[in-house]
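S.K.:
Residue numbers (the UniProt record's numbering): 1 to 399.
#1: Output needed for residue 57: all residues of its chain with C-beta closer than 6 Å, excluding positions within five of it in sequence on either side, in chain order.
#2: Out of 139, 176, 273 and 158, state which residue places its alpha-carbon closest to the alpha-carbon of residue 239.
#3: Report the residue ranges of all beta strand (DSSP E) runs contained in full by the UniProt domain "Glycosyl transferase family 1" (229-373); include only those spanning at least 3 residues, in chain order.
#4: Considering just the uninterrupted stretch of the beta strand (DSSP E) at residue 95, what are its terminal residues?
#5: When burial is assigned at 16 or more other CB atoms within 10 Å of the CB, is residue 162 buried or exposed?
#6: Measure the C-alpha to C-alpha separation of residue 330 and residue 6 and round it to an integer number of angstroms.
#7: Can you give me the Cβ contacts of residue 32 inside the same chain, cut-off strictly under 6 Å, excluding the 5 residues immediately before and after it?
#8: At a threshold of 8 Å, does residue 54 count as lining the ligand MG (C-beta to nearest heavy atom)?
#9: Going by the DSSP bridge assignment, what does residue 33 pair with across the sheet?
#10: Which term fits residue 345, buried or exposed, when burial requires 16 or more other beta carbons within 10 angstroms of its beta carbon?
#11: Indicate the three-state DSSP secondary structure (helix, strand or coil) for residue 383 in the structure shown.
#12: In whole angstroms, what is the alpha-carbon distance linking residue 145 and residue 49?
#13: What does the alpha-carbon distance come out to for the pair residue 228 and residue 319?
#14: Could you give the distance in angstroms between the alpha-carbon of residue 167 and the alpha-carbon of residue 267?
#15: Could you check how far apart the C-beta atoms of residue 183 and residue 117 are, in whole angstroms? I think they sit under 8 Å.
#16: Extract the residue ranges of the alpha helix (DSSP H) inside the stretch 86-143, only unbroken runs of 4 or more that lie entirely within it.
#17: With contact counted as at least three CB pairs below 8 Å, one residue from each stretch, are the stretch 355-374 and the stretch 335-344 in contact?
#18: Compare the beta carbon distance of residue 195 and residue 306 with 9 Å and say whether it is the shorter of the two.
#19: According to DSSP, residue 192 sits in a beta bridge with which residue or residues?
#20: Near residue 111, what residues of its chain come up, given a Cβ to Cβ distance below 6 Å and the 5 sequence neighbours on each side ignored?
#21: In this structure, how does DSSP classify residue 39 when only helix, strand and coil are distinguished?
#22: Which same chain residues, not among the five before or five after residue 270, have their C-beta less than 7 Å away from its C-beta?
#23: Quick check: what's the CA-CA separation for residue 218 versus residue 8?
#24: Does the stretch 146-153 come within contact of the stretch 127-134, defined as at least 3 CB pairs closer than 8 Å?
#25: Leaving out the 5 sequence neighbours to the left and right, which residues in its chain are closer than 6 Å to residue 185 when beta-carbon positions are compared?
#26: So, are the CB atoms of residue 53 and residue 77 less than 9 Å apart?
#27: Taking 9 Å as the cut-off, decide whether the C-beta atoms of residue 300 and residue 361 are in contact.
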């Protein structure tokens with residue numbers, strides 16, 4: 001089978017990129033021919049043999065080229081043209097879309113439709129129903145469903161994208177454009193990593209009956225299940241406002257007697273480096289990351305936005321480390337309250353988070369029981385092998 005993966009970044013950057021790179025490698029190892037389409041970048045780890053990519057776009061740069069960005073990120077004719085050429089040369093059996101908005105745009109869906117090639121898409125975020133893709137308003141520091149329940153103009157009205165009127169205006173225009181256009185109707189199946197994401201998507205009639213829930217897969221070494229626990233509380237992931245890193249730092253300030261560790265990178269990195277009882281570890285990957293997760297007494301996942309199927313929670317549970325998290329979004333699919341972690345009650349904030357962590361720390365026996373339960377339920381999580389076989393069934397069902 002010939003499979004064409006599409007994602008705006010073709011190098012390790014976040015959860016969506018990990019998904020694409022690992023799944024693509026799985027299919028290559030199982031005898032399928034795999035190629036990739038995305039944005040041109042010197043960091044790209046995969047690609048296609050004809051060098052067909054969209055031009056590099058740097059939203060932090062200035063100059064004449066950037067004047068066309070507002071148009072190009074809504075509907076890219078360049079992506080349509082180059083993707084059409086790639087389809088003609090490669091002639092894939094299936095196109096698997098991932099994160100395509102802004103740098104690629106859904107123009108590639110139209111290109112595949114014109115050549116009668118089936119398309120499936122993994123829904124990594126809520127971009128198709130929320131212009132900011134987070135269901136969160138950073139300015140007001142609150143979760144938000146206004147564009148789902150009302151007009152997409154709410155994005156610019158409330159400056160949902162980075163507090164910027166211009167960026168939010170572009171987001172609103174893009175949302176309205178695809179609400180009227182039939183492009184998303186041309187996708188054969190939307191793969192949702194959580195029941196929450198499926199429920200969000202299915203608020204719109206066009207997606208109803210075209211979704212399937214398949215949780216994200218994990219790839220962690222099984223020999224770390226019984227890793228010796230140490231006396232620290234861990235946060236790992238993106239260091240940004242919507243991920244709740246500020247709540248984690250507030251928690252550390254309230255407990256100077258405890259040791260906290262942070263791994264990751266992001267816009268709030270500097271604020272993580274100057275706390276006496278907080279050790280900033282930088283960006284960790286592979287065995288070093290897994291050892292750090294497995295060695296933690298607890299992982300705190302304080303995301304204040306709706307989550308889809310967070311890898312941070314999956315990896316923690318699979319390595320035998322209980323998770324304390326908000327119950328917003330897809331996190332509820334992963335954490336069984338009181339068994340492999342704790343879901344913090346609403347209203348979610350530093351006080352409710354602090355109460356949950358303190359209560360758990362006062363019950364060391366409960367933490368040990370949770371750790372054992374995490375290790376026992378590892379076999380219920382989706383492996384790459386299981387996931388790959390299911391995806392192959394889906395691909396073949398459309399051929």
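Even for Gly, the Cβ is constructed at its ideal location relative to N, Cα and C.
Since the structure is predicted, the reported quantities are computational estimates derived from the model, not experimental observations.
M.R.: Based on what the coordinates show:
#1: Locating residue 57 in the chain shown gives position 57, counting from the first residue. The answer, listed in chain order, is 103.
#2: For the purposes of this step, residue 239 is identified with residue 239 of the chain shown, where counting begins at 1. Cα-wise, what sits closest to residue 239 is 273.
#3: 232-236, 259-263, 278-280, 298-301, 323-326 and 341-344
#4: Stepping through the chain shown from its first residue, residue 95 is reached at position 95. Segment 94-97, the beta strand (DSSP E) holding residue 95.
#5: Translated into positions along the chain shown, residue 162 becomes position 162. Exposed is the call here.
#6: Translated into positions along the chain shown, residue 330 becomes position 330. Translated into positions along the chain shown, residue 6 becomes position 6. Approximately 24 Å, taken between the alpha carbons.
#7: For the purposes of this step, residue 32 is identified with residue 32 of the chain shown, where counting begins at 1. 1 and 3.
#8: You won't find the ligand MG in this model; it holds no ligand whatsoever.
#9: Residue 33 sits at position 33 when you count from the first residue of the chain shown. Paired residues: 2.
#10: The residue labelled residue 345 in the question sits at position 345 within the chain shown. Label assigned to residue 345: exposed.
#11: Looking up residue 383 in the chain shown gives position 383. Residue 383 falls in the strand class under three-state DSSP.
#12: Taking the first residue of the chain shown as 1, we reach residue 145 at position 145. Taking the first residue of the chain shown as 1, we reach residue 49 at position 49. Using only the alpha carbons, I get a separation of about 42 Å.
#13: Position 228 of the chain shown holds residue 228. Position 319 of the chain shown holds residue 319. Approximately 11 Å between the Cα atoms of the pair.
#14: On the chain shown, residue 167 is found 167 positions in, with the first residue counted as 1. On the chain shown, residue 267 is found 267 positions in, with the first residue counted as 1. Roughly 18 Å between the two C-alpha positions.
#15: For the purposes of this step, residue 183 is taken as residue 183 along the chain shown, with counting starting at 1. For the purposes of this step, residue 117 is taken as residue 117 along the chain shown, with counting starting at 1. Contact doesn't hold; Cβ gap of about 15 Å is too wide.
#16: 107-114
#17: yes
#18: As a first step, residue 195 is located in the chain shown; it is residue number 195 there, counting from the start. As a first step, residue 306 is located in the chain shown; it is residue number 306 there, counting from the start. Going by C-beta atoms, residue 195 is not nearer than 9 Å to residue 306.
#19: By one-based count along the chain shown, residue 192 stands at place 192. Residue 192 pairs with 213.
#20: For the purposes of this step, residue 111 is taken as the residue at position 111 of the chain shown. Result list for residue 111: 80, 83 and 84, in chain order.
#21: The sequence position of residue 39 within the chain shown is 39, counting from 1. Residue state, collapsed to three classes: strand.
#22: Position 270 of the chain shown, counted from the first residue, corresponds to residue 270. Contacts found: none.
#23: If you number the chain shown from 1, residue 218 lands on position 218. If you number the chain shown from 1, residue 8 lands on position 8. Whole-angstrom Cα-Cα distance: 22 Å.
#24: yes
#25: Working through the chain shown from its first residue, we reach residue 185 at position 185. Counting only Cβ-Cβ distances below 6 Å, and skipping sequence neighbours, we find 206.
#26: For the purposes of this step, residue 53 is identified with residue 53 of the chain shown, where counting begins at 1. For the purposes of this step, residue 77 is identified with residue 77 of the chain shown, where counting begins at 1. Against a cut-off of 9 Å, the Cβ pair of residue 77 and residue 53 comes out as no contact.
#27: Within the chain shown, numbered from 1, the residue matching residue 300 stands at position 300. Within the chain shown, numbered from 1, the residue matching residue 361 stands at position 361. For residue 300 and residue 361, no; Cβs fall outside 9 Å.
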